[in-house]
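Residue numbers for the sequence shown follow full-length UniProt numbering, so the first one is 1 and each next one is one higher. To start, the structure itself, in structure tokens.
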Amino acid sequence: MIIKCIAVDDEPIALNLVASYIEQTPFLQLVDKCTSAIAVLRILQENPDIQLLFLDIRMADLSGMELAKIIDQGTSRKDRRIIFTTAYDQYALEGYKVGALDYLLKPFNFADFSRAAAKAFEYFSMFEEQKISPVVQTAGNQVEKNYIYLKVEYQLVKVDTDRILYIEGLKDYVKVYLDNEAKPILTLTSLKNLEEKLPTDKFKRLHRSYIVALDKVKAVTKNSLQVAGITVHVSEQYRDVFADFLRGWV
Numbered sequence: 001m002i003i004k005c006i007a008v009d010d011e012p013i014a015l016n017l018v019a020s021y022i023e024q025t026p027f028l029q030l031v032d033k034c035t036s037a038i039a040v041l042r043i044l045q046e047n048p049d050i051q052l053l054f055l056d057i058r059m060a061d062l063s064g065m066e067l068a069k070i071i072d073q074g075t076s077r078k079d080r081r082i083i084f085t086t087a088y089d090q091y092a093l094e095g096y097k098v099g100a101l102d103y104l105l106k107p108f109n110f111a112d113f114s115r116a117a118a119k120a121f122e123y124f125s126m127f128e129e130q131k132i133s134p135v136v137q138t139a140g141n142q143v144e145k146n147y148i149y150l151k152v153e154y155q156l157v158k159v160d161t162d163r164i165l166y167i168e169g170l171k172d173y174v175k176v177y178l179d180n181e182a183k184p185i186l187t188l189t190s191l192k193n194l195e196e197k198l199p200t201d202k203f204k205r206l207h208r209s210y211i212v213a214l215d216k217v218k219a220v221t222k223n224s225l226q227v228a229g230i231t232v233h234v235s236e237q238y239r240d241v242f243a244d245f246l247r248g249w250v
């Protein structure tokens, strides 16, 4: 996924720094840069697909805060967001009031910029996922999808849930093991977040580090199960869930 950006700052040195950071970030695309907040209105009109503004607050013609209140972003338009850049920390609260995604306090380095950019990537990934995989409803009832989208590096990957064998949670990542795939998919998310996306009648979390596809279980004991060549020992907190599964397994 590529996020289209514009950099706005009335100080040329600061503007060029932000522009260079954007160009060094694989999932960001610099559409334009300018030193005037008023010029932004024209640029946005000519480029309605711009999604992210790196916007200075104190500028001569129109402040970034005033511009944020004029343009569509945040609540009224969820596919356009702002990251403020400023040397004045007193604007932080006001920035969040106008729906800013983040707030970079000058002077900031590439590491600071990358953290804000990563927050933007996370936001737009979730937005795209909701847009391309809406919940289907028939006769007023929610219908479960047979696929999910996972963030893998800088793209969204569609995964057929019928192919999932089991899911292993690590510290900051999750490994998703698929049928007929030698290597798992590695995605930056939490096991809890992924658990909420999966159909509850097909997947169960039976250990703090594992979610199992119930129809892929090959063998069970009173406190463990085997799936795809591994043994998952059921944690104490999931004993009741496992007991319900055992009653319907045979």
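For glycine and all other residues, C-beta sits at the position ideal for the given N, C-alpha and C.
Using the C-alpha atoms, what's the distance from residue j back to residue i?
| i | j | result |
| --- | --- | --- |
| residue 235 | residue 226 | 14 angstroms |
| residue 14 | residue 196 | 42 angstroms |
| residue 221 | residue 238 | 14 angstroms |
| residue 57 | residue 86 | 6 angstroms |
| residue 45 | residue 55 | 17 angstroms |
| residue 152 | residue 212 | 21 angstroms |
| residue 249 | residue 120 | 44 angstroms |
| residue 43 | residue 161 | 42 angstroms |
| residue 11 | residue 18 | 11 angstroms |
| residue 135 | residue 233 | Interpretation of residue 135 is limited by its pLDDT of 49, a score under 50 that renders its predicted location unreliable; no figure is taken from the coordinates. |
| residue 35 | residue 184 | 46 angstroms |
| residue 74 | residue 178 | No answer about residue 74 holds up, because its pLDDT of 46 lies below 50 and its placement is not dependable. |
| residue 40 | residue 8 | 8 angstroms |
| residue 255 | residue 122 | Past the edges of the chain, shown from 1 to 250, lies residue 255, and the structure says nothing about it. |
| residue 243 | residue 172 | 30 angstroms |
| residue 255 | residue 209 | Outside the modelled stretch of the chain, which goes from 1 to 250, sits residue 255, for which no answer is possible. |
| residue 69 | residue 33 | 20 angstroms |
| residue 219 | residue 189 | 29 angstroms |
| residue 4 | residue 199 | 34 angstroms |
| residue 155 | residue 194 | 17 angstroms |
| residue 247 | residue 163 | 24 angstroms |
Label residue i either buried or exposed according to how many other C-beta atoms from any shown protein chain fall within 10 Å of its C-beta, with 16 as the threshold for buried.
| i | result |
| --- | --- |
| residue 51 | buried |
| residue 158 | exposed |
| residue 60 | exposed |
| residue 229 | exposed |
| residue 139 | Low per-residue confidence applies at residue 139: pLDDT is 45, beneath 50, and the placement is therefore not dependable, though the value from the model is reported in the following sentence. Residue 139 comes out exposed. |
| residue 186 | exposed |
| residue 165 | buried |
| residue 81 | buried |
| residue 65 | buried |
| residue 143 | No answer about residue 143 holds up, because its pLDDT of 49 lies below 50 and its placement is not dependable. |
| residue 149 | buried |
Based on the DSSP secondary-structure assignment, which residues constitute the bridge partners of residue i?
| i | result |
| --- | --- |
| residue 81 | 52 |
| residue 231 | 226 |
| residue 105 | 86 |
Taking the Cβ atom as the reference point for each residue, do residue i and residue j lie within a distance shorter than 7 angstroms?
| i | j | result |
| --- | --- | --- |
| residue 2 | residue 29 | yes |
| residue 67 | residue 6 | no |
| residue 175 | residue 181 | no |
| residue 202 | residue 191 | no |
| residue 16 | residue 31 | no |
| residue 113 | residue 21 | yes |
| residue 84 | residue 100 | yes |
| residue 104 | residue 116 | yes |
Within a Cβ cutoff of 6 angstroms, which residues of the same chain sit near residue i, ignoring the five residues on either side of it in sequence?
| i | result |
| --- | --- |
| residue 107 | none |
| residue 217 | 225 and 227 |
| residue 102 | 83, 116 and 119 |
Give every residue of the same chain whose Cβ lies closer than 7 angstroms to the Cβ of residue i, excluding the five residues on either side of it in the sequence, and list them in chain order.
| i | result |
| --- | --- |
| residue 241 | 204 and 206 |
| residue 245 | 204 and 214 |
| residue 79 | 51 and 127 |
By Cβ distance below 8 angstroms, which residues in the same chain neighbour residue i in space, the five residues on each side in sequence not counted?
| i | result |
| --- | --- |
| residue 231 | 224 and 225 |
| residue 63 | 37 and 57 |
| residue 49 | 4 |
| residue 147 | 133, 158, 159, 160 and 161 |
| residue 27 | 1, 2, 3, 117, 121 and 154 |
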